[in-house]
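The block underneath contains the structure these notes are about, expressed in structure tokens.
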Amino acid sequence: MNGNENTHTPKSENNNLITCPDCKKEISRNAEACPHCGARLKTSFLYKFIKWGLIIGAIFFVFQIILAIVAFNTI
Ligand SMILES: [Zn+2]
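Residue 2 is where the sequence shown starts when you use the numbering used here, and the numbers rise one by one after that.
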């Protein structure tokens, strides 16, 4: 890294990157600890948990809609 990038924060376009809460540097979402400052990312596990919860919830939601449509058409 060269120069001071603290004043201008570019919008992250990479979904695999998150901002470290300690040093504000972009790090991998899958990282359990920040490679720059070593801060442990406690949100990592929670993030995966919420992400999978949303995915499973969305699958069930779509599944229920499909079931409702099928049930409606068969009556
Ligand atoms: Zn950091």
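In this text, a Cβ means the ideal position worked out from N, Cα and C, and glycines have one as well.
- Beta-bridge pairing by DSSP links Ile19 to Ile28.
- Per DSSP, the beta-bridge partners of Ala34 are Arg41.
- Leu55 has its alpha-carbon roughly 16 Å from the corresponding atom of Ile66.
- For the pair Leu18 and Arg30, the CB atoms are nearer than the 9 Å cut-off.
- Contact between His37 and Ile28 holds: their C-beta atoms lie close to 7 Å from each other, under 8 Å.
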